Every structure is written in C-alpha cells, then in structure tokens.
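Student: Residue numbers (my numbering): 1 to 260.
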C-alpha cells in the first residue's frame, strides 16, 4: 500500500516528526557511560505516553521478527545495526549506539534513527562510518522530489556508501510511512536511477542508509530480533522521515538546532 497524504494529514505528520526528533535528541543526551539500555526504553515509553502518542514497536510483529517486539525503541550497540532489542546492558565508553524510534500521533507515523559514540573515546573508523551514513542520507534527500523516482534516491544513497568503501545490504532499507510504520514503496540503499515508483506530493518516506564496516551479511540474535554484522564489525544507521512536496523534499524529523 502506498498512501498519499492530504494537506491536513501532512500537518499532523510534521507534528509527529517534530515529536520524534525531540525525543531522539533527549534520549541521545541521556545515553552516557553507564546508562542501561532498559532505562532508555523506559524513558522512551514515558515520553511517548506523556505526549499522547503511540509506539509503533510494542505490538510490532512482522514475519522476520520473533514478535511482538514488546519495547518502545530499538537500541543497537556496536555490531548490532537494526531492530536492536533493549536488554540489561550498561553502555561503555566508546560504544557505538544507534537509537531508532517510530511513533504514531493523531494517526500519522514518523520514523528516525541516529548513531553516535558514547563517552569520550571516539574511534576514527566509527566516526567515519557514521558520517558516511549521514552523507548518504543527505544525498538521498537531495535526490527526492516530485517527479523523481525511487531509483534516483537509492542510487544517490548507494553512490555515497560505495565511494566510502562500505558493502551494501539490500535486505532492509527505507520505506513508505503514513498511517502505519512500514509501507510501500521499498527504498533500497543502492539502485539504478530513473527506475521505480515516481514520487508525488503528499508521499512520506523514511530513508535509512545503514552499513557494516566490512560485510553485507547479517545474522540474527537468539532474541529473534536484533540484527548484527556477520563478522562482528561495527555498524552505523541514520534515518529521517521526509515529505514529498510540490517543490522538493521536507525533512520532518530534523532536530530543532539543525533546522535552517
């Protein structure tokens, strides 16, 4: 299903996007050395409830997971890259943490993810990988607009990741959002320009470049959810929800301090 939102729906989408952006920034600031992943989940639950919103994860039960997910945020550490199930783990200095949050408010979903290093140990290779996913995300956003095709976005993202030297997995990528979290069209993190669905104003997309340092192969944890690099290498993941407008693409999950 591909949803095209009305102008009224888009206003609600902007509110949901601002909510997710603010929550992620707060959770990032609280995630310091010694913070437990279960505390991050507890904080996310509290903020979502206080905002009168709904988690997209608690009852999430797709075919590829051992559902329902049962938590309010994905917390992926070091070699974990997607669907990280929060568990009893205290963050260490130098850990690479990805927080991925999807929330529904007033019937519209926004989805965003951020990767960062915890503490004051900043491994250069990890910083470079995070930066590559952020550059790829910006390239994908720049390629989006009315009349462009999904392949244009995928090509822009994949070009940045490939030029940075990272293998690209195509099992999981970006996706449409709207009244539900995961919708068509699928947005692969590499592809051919000029191919695929033609973008229209009112379409919401969650673009999410993610990479693993030296492999494109994923393995699944015993928890049935957490996806890790097959080699144990570190990973990074950046994501924004965008709205296709008459003039281009508007980022709905941009933190306030990063807004133009």
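We treat Cβ as the ideally placed atom computed from N, Cα and C, and that holds for glycine. On a predicted model such as this, the values are computed, not experimentally measured, just so you know.
How big is the Cα-Cα spacing for residue 225 and residue 93?
Tutor: Looking at the two C-alpha atoms, the distance is approximately 25 Å.
Student: Restricting to Cα atoms, I'd like to know which of 250, 247 and 243 is closest to residue 3.
Tutor: The shortest Cα separation from residue 3 among 250, 247 and 243 belongs to 243.
Student: Exposed or buried, residue 196, counting other C-beta atoms within 10 Å across all chains shown (16 or more means buried)?
Tutor: Residue 196 is buried by the Cβ-count criterion.
Student: Can you tell me which of the three DSSP states residue 174 falls into?
Tutor: Reduced to three states, the DSSP call for residue 174 is strand.
Student: By the three-class DSSP mapping on this structure, what secondary structure does residue 36 have?
Tutor: Of the three classes helix, strand and coil, the one that applies to residue 36 here is strand, per DSSP.
Student: Quick check for students: name the residue ranges of the beta strand (DSSP E) that lie wholly in the segment 201-239, counting only runs of 3 or more.
Tutor: Runs found: 204-207, 210-212, 218-220, 227-229 and 235-237.
Student: Considering only their Cβ atoms, is the gap separating residue 56 from residue 108 smaller than 8 Å?
Tutor: Cβ distance not < 8 Å, so residue 108 and residue 56 don't count as in contact.
Student: In the DSSP output, what is residue 183 paired with across the bridge?
Tutor: Beta-bridge pairing links residue 183 to 176.
Student: My understanding is that residue 95 touches residue 77, with C-beta atoms under 8 Å, so please give their C-beta distance in whole angstroms.
Tutor: The Cβ separation is near 6 Å, so the contact holds.
Student: Does DSSP classify residue 4 as helix, strand or coil?
Tutor: It is coil, neither helix nor strand.
Student: One question on the structure: do residue 81 and residue 227 come within less than 8 Å of each other, judged by their Cβ atoms?
Tutor: Yes, the pair counts as a contact, with Cβ atoms nearer than the cut-off.
Student: Just verifying my parser: in three-state terms, what is the DSSP assignment at residue 127?
Tutor: Looking at residue 127 - three-state DSSP - the assignment turns out to be helix.
Student: Unbroken beta strand (DSSP E) runs of length 3 or more, entirely within the segment 62-113: which are they?
Tutor: 74-77, 80-82 and 96-105, all fully within the segment 62-113.
Student: Report the option in 216, 22 and 205 whose CA atom is closest to the CA atom of residue 231.
Tutor: The residue with the shortest Cα to Cα distance from residue 231 is 216.
Student: Nearest by alpha-carbon distance to residue 261: which of 46, 7, 33 and 167 is it?
Tutor: In the structure as shown, the chain starts at 1 and stops at 260, and residue 261 therefore has no counterpart that could be examined.
Student: What residue range is occupied by the uninterrupted alpha helix (DSSP H) comprising residue 251?
Tutor: Run containing residue 251: none in the alpha helix (DSSP H); it sits in the beta strand (DSSP E), 249-251.
Student: When you compare the CB positions of residue 115 and residue 133, do they come within less than 8 Å of one another, or not?
Tutor: Yes. Within cutoff.
Student: Looking at residue 200 and residue 149, is the spacing between their C-beta atoms short of 8 Å?
Tutor: Going by C-beta atoms, residue 149 is not nearer than 8 Å to residue 200.
Student: Out of curiosity, what's the CA-to-CA distance linking residue 260 and residue 162?
Tutor: With a pLDDT of only 49 at residue 260, under the threshold of 50, the placement of this residue in the model should not be trusted; the figure read from the coordinates follows. So the alpha carbons of these two residues sit roughly 29 Å apart.
Student: Since I believe residue 181 is in contact with residue 269 (beta carbons under 8 Å), could you give me their beta-carbon distance rounded to a whole number of angstroms?
Tutor: Residue 269 is absent from the structure shown; the chain starts at 1 and stops at 260.
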